[in-house]
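Take the sequence shown: its letters are residues 1 to 195, numbered as in UniProt numbering. Here a beta-carbon is modelled for each residue, glycine too, at the ideal position from N, C-alpha and C. What you are looking at is a predicted structure, and each value in this text was computed from that prediction instead of being measured.
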Amino acid sequence: MPINIKVLKDEDLRKALPDLARLRIDVFKSWPYIYDGSMEYEQRYLQRYAHTDGAVIVGAFDGDALVGAATGEPLEKEVIQFRRPFEENRLDPKKIFYMAESVLYPAYRGRGIGHEFFDLREAHARSLGYQTAAFCAVVRPDVHPLKPVDYQPLDPFWVKRGYSKLENGIVYFPWQDVGENEETEKPMQVWIRQL
1 MPINIKVLKD EDLRKALPDL ARLRIDVFKS WPYIYDGSME YEQRYLQRYA HTDGAVIVGA
61 FDGDALVGAA TGEPLEKEVI QFRRPFEENR LDPKKIFYMA ESVLYPAYRG RGIGHEFFDL
121 REAHARSLGY QTAAFCAVVR PDVHPLKPVD YQPLDPFWVK RGYSKLENGI VYFPWQDVGE
181 NEETEKPMQV WIRQL
């Protein structure tokens, strides 16, 4: 059965939030996020998409099962940690569409779904009048003990899509890593492009 990619807004977006929460917990448990998430936190965190004008979820469905998703919303609606590096670089958050998480189960990778996630979110951003898109990628040390030997960073994929690193664009955001007892702040590099 082919994978069905859908842009979810309004009620469809709200219905997808519990499945997106599970997907984030499953996928982000792996490198480089190694996030130890909970459904309670995820459902609270994701509610912002249900209450934000301009928010979008692009879902990848295998039958009725959500196997991948990418989210986005106007940067001005994001938490201060994500807005701060843009403001410090004299970039107006009101003019930038933020491409938040992009998660896909490993069995579905390598089929072009990641490109569709970007294509559809960028088209959504343009339809709202945005000319700039940005996202953040977690930064981990090369010598981290949990880094898989065969890990391939996604930098070449993002460069091919027209994104580049924002100089001095580092977001610090807390989460609990697998094997840790509390949250610690993690650095995330901002990537940005003109649409």
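Spatial neighbours of residue i in its chain, beta-carbon cut-off 7 Å, leaving aside the 5 residues before and after
i: Gln189; result: Cys136, Ala137, Val139, Lys165, Gly169, Ile170
i: Ile80; result: none
i: Tyr151; result: Trp31
i: Val7; result: Val56, Val58, Leu120, His124
i: Glu182; result: Gln176
i: Ile34; result: Leu146, Asp177, Val178
Burial state of residue i (16 or more Cβ within 10 Å)
i: Arg24; result: buried
i: Tyr163; result: buried
i: Ala107; result: exposed
i: Glu73; result: buried
i: Ser38; result: exposed
i: residue 203; result: Residue 203 falls outside the range modelled here, since the chain spans only 1 to 195, and no answer is possible.
i: Gly179; result: exposed
i: Thr71; result: buried
i: Leu46; result: buried
Residues of its chain near residue i, where Cβ-Cβ distance is below 8 Å and the 5 sequence neighbours each way are ignored
i: Leu13; result: Tyr49, Ala50, Ala55, Val56, Ile57
i: Gln43; result: Leu17, Pro18, Ala21
i: Val159; result: none
i: Arg111; result: Ile3
i: Val149; result: none
i: Arg126; result: Leu195
Which of helix, strand or coil DSSP assigns to residue i
i: Gly169; result: strand
i: Asp177; result: strand
i: Ala65; result: strand
i: Ile5; result: strand
i: Ala50; result: helix
i: Gln194; result: strand
i: Val79; result: coil
i: Ser127; result: helix
i: residue 198; result: No answer is possible for residue 198: the residues shown for the chain start at 1 and end at 195.
i: Lys147; result: coil
i: Val27; result: helix
i: Gln152; result: coil
i: Pro18; result: helix
i: Glu182; result: coil
i: Val159; result: helix
Near the ligand NAP: residue i beta-carbon under 7 Å from a heavy atom
i: Phe117; result: As far as ligands go, the structure on display features none, and thus does not contain the ligand NAP.
Sequence-distant residues of its chain with Cβ nearer than 6 Å to residue i (five each side left out)
i: Ala142; result: Residue identity differs from the one stated: residue 142 is Asp in this sequence, not Ala. Within the same chain, Asp142 has no close Cβ partners at all.
i: Glu76; result: Pro93, Lys94
| task | Would you be able to state if there are at least three C-beta pairs under 8 Å between the region 87-94 and the region 114-128? | result | no
| query | For the region 69-121, which segments carrying the alpha helix (DSSP H) assignment without a break, of at least 4 residues, lie completely within its bounds, in sequence order? | reply | 80-88
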